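Quick notes on the structure that follows.
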Amino acid sequence: MIKANRILQNSGWWIISILSLAPLLFWLFGNPYGSPLKFMFSSLSVFAKDIGDVFGLCGMAMFSLVIILSARLKIFERFFKGINDAYTAHHFFGGVALILLLFHPLFLAYNYLLISFRQGALFLLPGANWAQNFGTIGLLVMIITLVITFYTKIKYQVWRFTHKFLGLAYVFAIFHTFLIKSDLSFNNGLRTYFLVLGITAIVAFFYRTLFADYLVKVLRYTVKDIKLLPDKIWEIEFKPVGKEIKFTSGQFGFIKFYSKELSRELHPFSFSSNTGSPLKIAVKELGDYTDKLGSLKVGDLVKIEGPFGVFNFRNHSNKKQVWVAGGIGITPFLSMLRSLDEKDSEYKIDLYYSIKDENCLAFADEIQEIAGLNENLNATIWISKAMGFLTADAIKEKTQDLMERDILICGPAIMMDTMKKQFLAQGALEKQIHIEEFQLY
Ligand SMILES: Cc1cc2nc3c(=O)[nH]c(=O)nc-3n(C[C@H](O)[C@H](O)[C@H](O)COP(=O)(O)OP(=O)(O)OC[C@H]3O[C@@H](n4cnc5c(N)ncnc54)[C@H](O)[C@@H]3O)c2cc1C
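For the sequence shown, our numbering begins at 9 and goes up steadily by one.
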């Protein structure tokens, strides 16, 4: 079962690739006037036009799928390793779609360049043909938005706002796809395929970006208690208003606080409790939003979308595990620790919780207490100031059968990256290492 789930979870990347290339099949075999391959290599200009068309069709299919992925539906987690992985795919395929769509007009311009450089340049500029102008505008908006995404360092909320323009770029691009004279005009298979993709992408965009406040299902809670713990960590407890959220330990939700100081932004946080009532999160002050969490008052309304995520020790068939937490990366493990019961007696877990110094011992006592009650759980609190950075070597010294174990890591990006490299260098396999990133790409 776990193996079947793993195969399914890796299929998302393949599904997007295949669906993006599907127009190529319609283009090759759905043409009522015969396969374009017959003439494709007859001259350089036919070849350039055909390649331009194929880049345009595959680029548009991929762009549609990228917009669909941004809908952040729970079902995506069945086909990816969690929603984070779906976001990584969204980011990656967005970049590839941009490249394909950039080359689309460049290849088509070749035939005009044969007449003159001026004609080639004129082809690429807006003119009297609105079907073509829609494509030019869509591509320009897409370029600007993606350059901001990939190459600038702006505040997350500003980035989110600019990212919404991808939907606008898509609307222009899909108008272009249907209105311009192309294979879609006579190839029914291709037209139907793009109709389905186009409608799905536009519905996804409306659902997630324009009308999320009305359409996305959320659960309502209120703040029951808020406590400041060492190392600027706020532990917040929520009380359900109606139905409580059902989740597996290690999962997270997108949380929106309704208070004067917090501007109703949606931020992802792991649940640190193991049930939805009482529901708890622990948040470290790390930026301009989390710095204001202390202003929350008991009774403030909270809306939670979720749960999301697949970071849970029971998802792995190997019952011998090492858990590595860095700083606030302890939260999903806290939820797992709090959920341990007699059904988990076959697990053998060594937890390493790395913190900066003694002033950061937020959850150490509770962790030691849980470990004291569970003979299969060993907990090591690693204080970097006194012991140096936690390394895979240091872990191996204590957990000698490390290579036989699955390794779960959550912490600062740089720590996870370094530790993963060290584990791989020691001989661990990629598939043994499971990472929960506190960043969505
Ligand atoms: C799956 C997941 C689980 C998380 N669990 C916890 C947790 O249990 N405890 C905890 O303290 N932190 C957790 N985080 C991190 C937390 O979401 C960010 O620290 C917080 O959103 C930062 O907001 P800020 O505006 O204060 O900081 P900023 O300095 O503005 O942002 C810091 C970083 O967080 C990212 N970020 C900012 N706002 C958002 C947002 N709305 N959505 C997604 N990313 C954003 C940015 O990419 C930036 O790199 C989790 C993140 C993820 C993805």
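Each residue gets a CB set at the ideal place from its N, CA and C atoms; glycine is no exception. The structure presented is a predicted model; accordingly, all values stated were derived computationally and were not measured.
Extent of the continuous alpha helix (DSSP H) run through Thr388: Judged by DSSP secondary structure, Thr388 falls outside any alpha helix (DSSP H) and instead within the beta strand (DSSP E) spanning 385–391.
Neighbourhood of Leu109 by C-beta, 8 Å cutoff - its chain only, sequence neighbours within 5 removed: Answer for Leu109: Phe63, Gly64, Gly67, Met68, Phe71, Leu147, Met150, Ala181, listed in chain order.
Whole runs of the alpha helix (DSSP H) within the segment 161–200, excluding any shorter than 4 residues: Runs of the alpha helix (DSSP H) spanning 4 or more residues and lying entirely within the segment 161–200 occur at 164–171, 173–187, in chain order.
Cβ neighbour criterion (16 or more within 10 Å) applied to Leu301: By the beta-carbon neighbour count (other beta carbons within 10 angstroms, threshold 16), Leu301 is buried.
Closest residue to Ile241 among Thr298, Arg14, Gly143 (Cα-Cα distance): The residue among Thr298, Arg14, Gly143 with its C-alpha nearest the C-alpha of Ile241 is Thr298.
Inter-stretch contact at 8 Å, needing at least 3 Cβ pairs: the segment 223–234 / the segment 348–359: Cβ pair count under 8 Å is below three, so no.
Alpha helix (DSSP H) segment containing Leu133, residue limits: Counting along the chain, Leu133 falls outside any alpha helix (DSSP H), and DSSP gives it neither H nor E.
Nearest-angstrom Cα separation, counted from Ile15 out to Gly334: If I take the Cα positions, the gap works out to 29 Å.
Closer than 6 Å: Leu294 CB and nearest ligand 1 heavy atom: Correct: Leu294 has its Cβ closer than 6 Å to ligand 1.
Any non-hydrogen atom of ligand 1 closer than 6 Å to Pro315 Cβ: No, the beta carbon of Pro315 sits no closer than 6 Å to any heavy atom of ligand 1.
Closer than 6 Å: Tyr297 CB and nearest ligand 1 heavy atom: Result yes, Cβ under 6 Å from ligand 1.
Residues of its chain near Gly20, where Cβ-Cβ distance is below 8 Å and the 5 sequence neighbours each way are ignored: Phe84, Phe87, Phe88, Asp93, Ala94, Ala97.
Proximity test, Phe277 beta-carbon vs ligand 1 heavy atom, cut-off 6 Å: Yes, ligand 1 has a heavy atom inside 6 Å of this Cβ.
Backbone CA spacing between Gly135 and Asn141 [nearest angstrom]: C-alpha separation (whole angstroms): 7 Å.
Residues bridged to Val249 (per DSSP): DSSP lists no bridge partner for Val249.
Nearest residue (CA-CA) to Arg168, options Leu203, His275, Phe49, Ile415: When C-alpha distances from Arg168 are compared across Leu203, His275, Phe49, Ile415, the shortest belongs to His275.
Contact test: Met339 Cβ vs ligand 1 heavy atom, cutoff 6 Å: Sequence check: residue 339 is Thr here, not Met. Yes; taking the cut-off as 6 Å, the Cβ of Thr339 has a heavy atom of ligand 1 nearer than that.
Proximity below 7 Å, CB of Arg413 to CB of Lys328: Cβ distance < 7 Å, so Arg413 and Lys328 count as in contact.
Close-in-space but distant-in-sequence residues of the same chain around Lys454 (CB under 8 Å, 5 per side omitted): Limits of the chain in this structure are 9 at one end and 449 at the other, which puts residue 454 out of reach.
Between the CA atoms of Gly258 and Pro31 - distance to the nearest angstrom: Going from the Cα of Pro31 to the Cα of Gly258 covers about 39 Å.
Asp308 classed as buried or exposed, judged by whether at least 16 other C-beta atoms fall within 10 angstroms: Counting C-beta atoms within 10 angstroms of its own C-beta, Asp308 has 16 or more neighbours from the protein chains shown and is therefore classed as buried.
Collapsed DSSP secondary structure at Arg413 in the structure displayed: In the structure shown, Arg413 sits in coil (DSSP, three-state: anything other than H, G, I, E or B).
Beta bridge counterpart(s) of Lys292 as assigned by DSSP: DSSP lists Ile241 as partners of Lys292.
Exposure label - Phe49; buried when at least 16 CB within 10 Å: By the 10 Å Cβ count, Phe49 comes out exposed.
Beta-carbon contacts of Val330 that lie in its chain and below 6 Å, excluding the five residues immediately before and after: Closer than 6 Å at Cβ, skipping near neighbours: Asp358, Thr407, Arg413, Ile415.
Cβ pair Tyr120, Phe131 closer than 7 Å: In contact: Tyr120 and Phe131 (Cβ atoms closer than 7 Å).
Ser303 versus Lys268: straight-line alpha-carbon distance, rounded: Going from the Cα of Ser303 to the Cα of Lys268 covers about 9 Å.
Outcome for Tyr178 when other beta-carbon atoms lying within 10 angstroms are tallied against a minimum of 16: With 16 or more other Cβ atoms inside 10 Å of its own Cβ, Tyr178 counts as buried.
Glu313 vs Phe262 beta-carbon contact at 7 Å: Going by C-beta atoms, Glu313 is nearer than 7 Å to Phe262.
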